[in-house]
Amino acid sequence: IAMAPLRAPALVPILPFSPPPHGTGCPRIISRSQWGARAPKSRVPLKTPVPFVIIHHTAGNPCTSQASCSRQVKGIQNYHMNTRRWSDIGYNFLIGEDGNVYEGRGWSTMGAHAKNWNSKSLGFSFLGSFTSRVPNNAALNAGKSLIQCAVSKGFLSRSYTLKGHRNVNPTSCPGNALYGVISKWPRFKA
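Letter 23 of the sequence shown, counting from 1, is numbered 23 in full-length UniProt numbering, and no numbers are missing.
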């Protein structure tokens, strides 16, 4: 029996995450490993699809590059885990003014972002303080796209309700300027 000579398999380069094809409704999501996340101490599964999405701001400095946003997300994770003694960063996702979304606890882990609402919501936080200014268009578009992505992937109910953190807990979050913007988004209800 004649056998064909063995050939080495073609090498396929591993490329960094890139946005899905246009029309999928999902923004570019920087994974936990890409921003350098610590492993969570524990996790509680989130029963999806959830009926609510809650918008926050981190009330810190803005970030406009993947490097600076990654540093900020790491700092927030360290604060949540070391100072607040939480199991991980509190938010499901964070949104930078670089137009990227940063994976926090992700789609299927319960967050720690809104007391009494964590089991029935996804928490999306804009990186920066938005009391007197709104996030740039790159961040706002990424936020809207993330909501649509959550619906299309089945993690957020098609009949979801959008709320600001101040609508569910006594806080000024997500800042007056950002709150003014999200209050005009589809499915918002105070």
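Heads up, the beta-carbon is just placed ideally off N, CA and C, and yes, glycines get one too.
Note on geometry: alpha-carbon atoms of residue 67 and residue 129 lie some 19 Å from one another.
Just measuring C-alpha positions, the residue of 144, 95, 40, 139 sitting nearest residue 72 is 95. Rounded to whole angstroms, the Cβ separation of residue 48 and residue 108 is 6 Å, and the two are in contact under 8 Å. In this structure, 148 is the residue among 148, 65, 166, 33 with its C-alpha nearest to the C-alpha of residue 159. Restricting attention to 118, 170, 59, the CA atom closest to the CA of residue 105 is found in 118. The residues 134, 181, in chain order, have a CB closer than 8 Å to that of residue 140 in the same chain once the five nearest residues on each side in sequence are set aside. Looking only at 154, 39, 177, the smallest Cα-Cα distance to residue 50 is reached by 154. Linking residue 113 to residue 42 through their CA atoms gives a straight-line distance of about 16 Å. Residue 57 is bridged by DSSP to 126. The secondary-structure analysis by DSSP pairs residue 52 across a beta bridge with 121, 161.
Note that the C-beta distance between residue 121 and residue 177 is not below 7 Å.
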